[in-house]
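In the numbering used here, each residue carries its 1-based index in the sequence shown increased by 278. Beta carbons: idealized from backbone N, C-alpha and C, even for Gly. Shown next, in structure tokens, is the structure this report addresses.
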Amino acid sequence: MERADIAIIGTGPGGVSAALTAKVRNKNILLIGKKQMSDKVSKAHQIMNYPGLPAVTGAQMAETFEKQLAMMEIDITDSRIGTVYAMGDYFAIQAGEEMLEAESVILACGVVSGKTLPGEDEFLGSGVSYCATCDACFYKGKKVAVIGYGKDAEHEADFLAEVAAEVLYFPMYQHEPEVSERVTVIKERPNEIFGEKKVEGLRTEQGEHFVDGVFVLRDAVSPKQLVPGLELDGNHVKVNLSMETNIPGLFACGDITGTPYQYIKAAGQGNVAALSAVTYLDAKKRAAGKQ
279 MERADIAIIG TGPGGVSAAL TAKVRNKNIL LIGKKQMSDK VSKAHQIMNY
329 PGLPAVTGAQ MAETFEKQLA MMEIDITDSR IGTVYAMGDY FAIQAGEEML
379 EAESVILACG VVSGKTLPGE DEFLGSGVSY CATCDACFYK GKKVAVIGYG
429 KDAEHEADFL AEVAAEVLYF PMYQHEPEVS ERVTVIKERP NEIFGEKKVE
479 GLRTEQGEHF VDGVFVLRDA VSPKQLVPGL ELDGNHVKVN LSMETNIPGL
529 FACGDITGTP YQYIKAAGQG NVAALSAVTY LDAKKRAAGK Q
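Structure, rendered in structure tokens:
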């Protein structure tokens, strides 16, 4: 795949705004996220303070976003992002089984609700994963647990069942899971991921389940796990007024940058992030021309 000028991760108001602005500025972009738009948007009951869309429902707003993206001929790459690697003069983005590349990246992927599980951070890369498509190959013939925070996780559990010997699925939502008969649904709330040097099991309120790996499938990945070396302010990405992070060429906007969690704030920051990315790319091009 051709290296994009700007990769935008997230299809909420921030990501959509960034994509539209970058497209207007004639940049080659990758918009990565859910084709149905951000769940936070599409499931909202009513939004009262978004200019031009009075008393709009989340579903109506999502539909409006989709229409405008289509009008601007902006496609959405529907992939779960594992990790974004800063490679010096470009970024490598792990998206499912693919490794995408971009000159710059805008993070617009929202925030993780709640705290990580005890053991989750400690065993990241040693049995804890956030992407079944990315890491299923390491668990061929083994036993794994999947903690699913949304219906999308069911597809990844089914995929894992094609590779792993046994898949335990822990739904963290109210709807009845619709998974393959090869997946065992366990309606227990996980409390801790445990082990010595690597994952050995998952502890719930009812007992222990011994597994070789645990897949934690949330709608958003914690920023410190998403981009190695990224500077945070608490649980949020630290940015300046230009939406620049501490990593050159990496920008952020929306909820991931902190409160207030407002759609209109995210859209404004998305516009700024895209313009800053354009300025960064233009400066980079000028510098290369002088060499």
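Cut-off 7 Å between Cβ atoms - residues of its own chain near residue i, not counting five sequence neighbours on either side
i, result
"residue 333", "324 and 326"
"residue 443", "419, 420 and 421"
"residue 535", "514, 515, 517 and 547"
Assigned secondary structure, residue i (DSSP; H/G/I helix, E/B strand, else coil)
i, result
"residue 327", "coil"
"residue 447", "strand"
"residue 551", "helix"
"residue 462", "strand"
"residue 416", "helix"
"residue 385", "strand"
"residue 322", "coil"
"residue 407", "strand"
"residue 489", "coil"
"residue 558", "helix"
"residue 343", "helix"
"residue 299", "helix"
"residue 536", "coil"
"residue 504", "helix"
"residue 283", "strand"
"residue 294", "helix"
"residue 421", "strand"
"residue 352", "coil"
Bridge-paired residues (DSSP) for residue i
i, result
"residue 377", "372"
"residue 435", "Its beta-bridge partners do not exist; DSSP assigns none."
"residue 473", "477"
"residue 568", "Note: residue 568 sits in no beta bridge, so no partner."
"residue 511", "514"
"residue 364", "369"
Residues near residue i by beta carbon distance below 6 Å, same chain, minus five either side
i, result
"residue 407", "413 and 493"
"residue 363", "370"
Assumed close pair residue i, residue j - CB separation to whole angstroms, cut-off 8 Å
i, j, result
"residue 488", "residue 481", "Their Cβ separation, rounded to whole angstroms, is 10 Å, which puts residue 488 and residue 481 out of contact at 8 Å."
"residue 548", "residue 295", "3 Å"
"residue 381", "residue 527", "7 Å"
"residue 309", "residue 293", "7 Å"
- Between the stretch 423 to 435 and the stretch 519 to 528, do three or more beta carbon pairs fall short of 8 Å? no
- Message: Closer than 8 Å is the cut-off here; do at least three beta carbon pairs connect the stretch 399 to 406 with the stretch 380 to 391?
- Response: no
- Task: Answer yes if the stretch 331 to 349 comes into contact with the stretch 365 to 375, meaning at least three C-beta pairs across the two stretches below 8 Å, and no otherwise.
- Result: no
- Query: Is the stretch 533 to 547 in contact with the stretch 556 to 569, if contact means three or more CB pairs nearer than 8 Å?
  - Reply: no
- Message: Taking contact to mean 3 or more Cβ pairs, one atom from each stretch, closer than 8 Å, check whether the stretch 499 to 519 and the stretch 453 to 465 are in contact.
- Response: no
- Assess, as a yes-or-no matter, whether the stretch 448 to 460 is touched by the stretch 469 to 477 under the definition of 3 or more beta carbon pairs within less than 8 Å. no
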